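A.B. asks: One structure follows; several queries about it will come next.
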Amino acid sequence: MDSPVWFITGASSGFGVEIAKEALARGHRVIATARNPSKLSALASAGADVMALDVRADEAAVASAVDEAFALHGKITHVVTSAGYALEARRRGGERTGGRRLRFGAVVNFGSLGSWRGGPPPWRCTARPRPPSATSPRACATSSATFGVDVCVVEPGYFRTGFLNPGARILAGGQLDVYGEGPSGEYKELMDSADNNQAGDPVKGSRAVVDVMTSSGPAEGRKIPVRLVLGTDCLAVIRKKCRETLALLDEWEPVSGSTDY
Numbered sequence: 000m001d002s003p004v005w006f007i008t009g010a011s012s013g014f015g016v017e018i019a020k021e022a023l024a025r026g027h028r029v030i031a032t033a034r035n036p037s038k039l040s041a042l043a044s045a046g047a048d049v050m051a052l053d054v055r056a057d058e059a060a061v062a063s064a065v066d067e068a069f070a071l072h073g074k075i076t077h078v079v080t081s082a083g084y085a086l087e088a089r090r091r092g093g094e095r096t097g098g099r100r101l102r103f104g105a106v107v108n109f110g111s112l113g114s115w116r117g118g119p120p121p122w123r124c125t126a127r128p129r130p131p132s133a134t135s136p137r138a139c140a141t142s143s144a145t146f147g148v149d150v151c152v153v154e155p156g157y158f159r160t161g162f163l164n165p166g167a168r169i170l171a172g173g174q175l176d177v178y179g180e181g182p183s184g185e186y187k188e189l190m191d192s193a194d195n196n197q198a199g200d201p202v203k204g205s206r207a208v209v210d211v212m213t214s215s216g217p218a219e220g221r222k223i224p225v226r227l228v229l230g231t232d233c234l235a236v237i238r239k240k241c242r243e244t245l246a247l248l249d250e251w252e253p254v255s256g257s258t259d260y
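All residue numbers for the sequence shown refer to numbering that gives the first Met the number 0, where the first residue is 0 and numbers rise by one.
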């Protein structure tokens with residue numbers, strides 16, 4: 000069987016580097032990308048192909064990088080979009096890594112606990128791209144299935160990466176002084192206290208991602224899910240949100256159900 004080929008954005012840190020290391024340890028091929036490829040030297044020494052790629056670049060630049068990646072091994076079986084930082088009060092554009100050219104394999108997008116729980120407007124933490132909503136993964140998976148591509152949104156809780164480090168948090172320009180107080184100020188303090196104290200282990204989380212995306216280990220014989228939740232904290236938040244939604248539907252069912260012809 001041919002070795003899987005992983006194309007990973009944001010492979011210089013966090014889940015990106017750990018997924019790359021896990022895939023390499025299994026004998027897979029890895030194309031690791033980052034804005035600054037000098038930060039990928041350890042992965043290069045471990046056998047990865049490394050490339051410069053700024054996911055914020057224009058469409059043509061990203062397409063050129065994808066073409067270069069395809070030329071290395073003639074295929075890409077797994078795309079991982081893990082390039083990210085905490086973005087406060089600003090929405091990013093969509094992913095542009097050419098998933099339809101896979102023809103088979105899997106695309107892994109990273110979502111966030113915040114897409115279920117949310118936070119004060121100036122302190123919404125988002126990966127790049129912005130964490131998908133509760134409904135978009137299914138639509139994306141359905142459209143990609145035509146091309147034989149599985150799409151999975153990985154939604155991690157708080158993991159001990161550099162994601163909450165002050166240098167990874169970008170403050171929206173023109174922020175009002177009032178946002179330093181009340182819920183927004185409290186949320187900032189929460190982020191500061193959580194930094195480097197998160198319960199999630201990114202090594203274990205990345206191992207789970209590779210298992211699920213290759214249907215191996217505990218995922219052997221199972222289909223790739225539309226959504227993969229990582230961490231007990233994220234499990235608890237999503238369960239709570241689902242219970243609240245069901246309770247809301249039950250409470251207002253008489254009104255909701257009274258509007259049909």
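Beta carbons are placed, not taken as given, at the ideal position from N, Cα and C, and that holds for glycine. Treat the numbers as computed from the prediction; the structure is a model and nothing was measured.
Beta-carbon within less than 6 Å of A133's beta-carbon, same chain only, minus the 5 sequence neighbours each way: which residues are those?
C.D. replies: On the sequence shown, residue 133 is found 134 positions in, with the first residue counted as 1. Confidence in A133 is poor, its pLDDT being 45 and thus under 50, which makes the residue's placement too unreliable to answer from.
A.B. asks: For A47, is the classification buried or exposed, using 16 other Cβ atoms within 10 angstroms of its Cβ as the cut-off for buried?
C.D. replies: Translated into the one-based positions of the sequence shown, residue 47 becomes position 48. By the 10 Å Cβ count, A47 comes out buried.
A.B. asks: So the candidates are P201, A62, L23 and T160; which of them puts its Cα closest to the Cα of S44?
C.D. replies: Mapped onto the sequence shown, residue 44 falls at position 45. Taking only the C-alpha atoms, the option nearest S44 is L23.
A.B. asks: Of the residues G26, F69, R28 and V78, which one's Cα is nearest the Cα of G9?
C.D. replies: Counting from 1 along the sequence shown, the entry for residue 9 is found at position 10. The option with the nearest alpha carbon to G9 is V78.
A.B. asks: Is the beta carbon of G104 less than 9 Å from the beta carbon of G156?
C.D. replies: The count along the sequence shown starts at 1 and reaches residue 104 at position 105. The count along the sequence shown starts at 1 and reaches residue 156 at position 157. Result no, Cβ atoms of G104 and G156 do not sit closer than 9 Å.
A.B. asks: Less than 9 Å between the C-beta atoms of V209 and V150, yes or no?
C.D. replies: As a first step, residue 209 must be located in the sequence shown, where it is residue number 210. As a first step, residue 150 must be located in the sequence shown, where it is residue number 151. Contact flag unset, no.
A.B. asks: Going by DSSP, what residue range makes up the alpha helix (DSSP H) through A68?
C.D. replies: Working through the sequence shown from its first residue, we reach residue 68 at position 69. Looking at the DSSP string, the run of the alpha helix (DSSP H) that includes A68 is E58 to H72.
A.B. asks: In terms of residues, what are the limits of the alpha helix (DSSP H) holding L247?
C.D. replies: Taking the first residue of the sequence shown as position 1, residue 247 is located at position 248. Its alpha helix (DSSP H) spans residues T231 to E250.
A.B. asks: Identify every residue that forms a DSSP beta bridge with A31.
C.D. replies: Locating residue 31 in the sequence shown gives position 32, counting from the first residue. Note: A31 sits in a beta bridge opposite I7 and V49.
A.B. asks: Suppose you measure from the CA of V16 to the CA of W251; what does that come to, to the nearest Å?
C.D. replies: Translated into the one-based positions of the sequence shown, residue 16 becomes position 17. Translated into the one-based positions of the sequence shown, residue 251 becomes position 252. Each residue's alpha carbon lies about 46 Å from the other.
A.B. asks: Which of the three DSSP states is assigned to A19 in this structure?
C.D. replies: Reading the sequence shown from its first residue, position 20 is the one you call residue 19. Correct three-state label for A19: helix.
A.B. asks: Please tell me whether V211 has its Cβ less than 9 Å away from any Cβ of chain C.
C.D. replies: Reference to chain C is not applicable here, since this structure consists of a single protein chain.
A.B. asks: For the beta strand (DSSP E) containing G110, list its first residue and its last residue.
C.D. replies: Position 111 of the sequence shown holds residue 110. Neither: G110 is in no beta strand (DSSP E) and is coded neither H nor E.
A.B. asks: Whole angstroms is fine: what's the gap from E243's alpha carbon to I223's?
C.D. replies: Here residue 243 refers to the residue found at position 244 when the sequence shown is read from its first residue. Here residue 223 refers to the residue found at position 224 when the sequence shown is read from its first residue. Computed Cα separation, rounded: 27 Å.
A.B. asks: With 16 as the cutoff for other CB atoms within 10 Å, does E21 come out buried or exposed?
C.D. replies: Within the sequence shown, numbered from 1, the residue matching residue 21 stands at position 22. With 16 or more other Cβ atoms within 10 Å, it is buried.
A.B. asks: Using the Cβ count rule (16 or more neighbours within 10 Å means buried), how would you classify Y84?
C.D. replies: On the sequence shown, position 85 is the one that residue 84 refers to. For Y84, the predicted model reports a pLDDT of 44, less than 50, meaning its position is unreliable; a value from the coordinates is still stated below. Y84 should be labelled buried.
A.B. asks: Using only alpha-carbon positions, find the residue among M50, F14 and K239 that is nearest to A31.
C.D. replies: As a working mapping, residue 31 is identified with position 32 in the sequence shown. Of the candidates M50, F14 and K239, the one whose C-alpha sits nearest the C-alpha of A31 is M50.
A.B. asks: Taking R28 as the reference, which of S63, A62 and H72 has the closest Cα?
C.D. replies: Within the sequence shown, the letter at position 29 stands for residue 28. That would be H72, whose Cα lies nearest to the Cα of R28.
A.B. asks: Under three-state DSSP, which class holds P224?
C.D. replies: The sequence position of residue 224 within the sequence shown is 225, counting from 1. The answer is coil: DSSP assigns P224 none of H, G, I, E or B.
A.B. asks: Between the alpha carbons of S200 and L42, how many angstroms are there, rounded?
C.D. replies: As a first step, residue 200 is located in the sequence shown; it is residue number 201 there, counting from the start. As a first step, residue 42 is located in the sequence shown; it is residue number 43 there, counting from the start. A quick correction: the sequence has Asp, not Ser, at residue 200. Computed Cα separation, rounded: 20 Å.
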